[in-house]
Ligand code: MN
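In structure tokens, the structure reads:
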């Protein structure tokens, strides 16, 4: 990737942090890959919508197969979007009727479907048919080295943690703002175990629907294959944007 392409992707990627409530202020950023921008994932009626992908369902072959991509995006992710909209509308009704008897249930639904929706948005955005390798961004590369020892040790840790998530969940490279360091985390389901303050930089979906058609029970093979489609430029944009805003 040349410098012009890098800058284009970098500016376009500023909207990638939209899930964390900063999308509005960044929505006016020049659009490099605006079609993948989570900032545009709410419609005029205040409903969350399924984001468009910046690539085709078969573009990540052979690492992630087209059928899995189509089912995952159009069925599974759509389900989280619908569940989040529904739960938020039930909570709106509860406020209007001043009846919070079901607040625990619908709050849990917001947590489950909201975390699912937001993480999938990031997940799609940090993959690319041109991905893989190591970060071109020197600051991110140095941060990975100082946080984990080396890129190789990071990869080994990331693959091991992602492979070992109990049942359904995510592996995650995240930025921790209070000490400005990087962490490898696990999330169970979507919403459990991950410290709230951290900003996901590189989540990998390890629910069975993300890999079972091609990899069956071999989750580790899937995560290792995932490393070949990591869009490190998008990860670097998330990293820099988070530090710029939250430090
Ligand atoms: Mn998923």
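Residue numbers (the working numbering): 185 to 431. Ideal Cβ positions, reconstructed from N, Cα and C, are used throughout, including at glycine. All figures in this text were calculated on a predicted structure; none of them were measured in a lab.
DSSP, reduced to helix, strand and coil, places residue 428 within a helical segment of the structure shown. In summary, residue 273 is exposed, with fewer than 16 beta-carbon neighbours lying within 10 Å of its beta-carbon over all protein chains present. Between ligand 1 and residue 304, a heavy atom-to-CB distance of less than 7 Å is present. A contact between stretches requires three or more CB pairs, one per stretch, nearer than 8 Å, and the stretch 379-388 meets this requirement with the stretch 302-321. Contact fails between the stretch 326-341 and the stretch 282-301, because fewer than three Cβ pairs, one in each stretch, are under 8 Å apart. Contact annotation: residue 355 and residue 407 have beta-carbon atoms nearer than 8 Å.
Under the three-state reduction of DSSP output, residue 316 falls in the coil class, being neither helix nor strand. For ligand 1, a non-hydrogen atom lies closer than 7 Å to the CB of residue 389.
In the structure shown, residue 298 falls within a helical segment according to DSSP collapsed to helix, strand and coil.
Inclusion of residue 357 and residue 343 in the CB contact set at 8 Å is not warranted, their separation being larger than that value. Between residue 315 and residue 390, the C-beta gap is not smaller than 8 Å, which leaves the two residues out of contact. CA-to-CA, the gap between residue 377 and residue 361 works out to about 17 Å. DSSP places residue 389 in the strand class (E or B) of the three-state scheme. Residue 409 places its beta carbon 8 Å or farther from that of residue 370. For residue 311, the beta-bridge partners assigned by DSSP are 414.
The three-state secondary structure of residue 400, taken from DSSP, is coil.
Residues 370, 371, 372, 373, 374, 376, 377, 390, 391 of the same chain have their beta carbon placed closer than 8 Å to that of residue 353, with the five preceding and five following residues left out of the count. Closest option to residue 335, judged by alpha-carbon separation, among 402, 364, 416: 416. If you draw a straight line from the Cα of residue 286 to the Cα of residue 423, it is about 37 Å long.
Assignment of residue 395 by DSSP, reduced to helix, strand and coil, places it in the coil class. The closest heavy atom of ligand 1 lies less than 7 Å from the beta carbon of residue 260. Here residue 244 has 253, 311, 313, 413 as same chain residues with Cβ atoms under 7 Å from its own Cβ, once five neighbours each way along the sequence are excluded. Residue state for residue 370 is assigned as strand, using DSSP reduced to three classes. With contacts defined as CB atoms closer than 8 Å, residue 293 and residue 267 qualify as a contacting pair.
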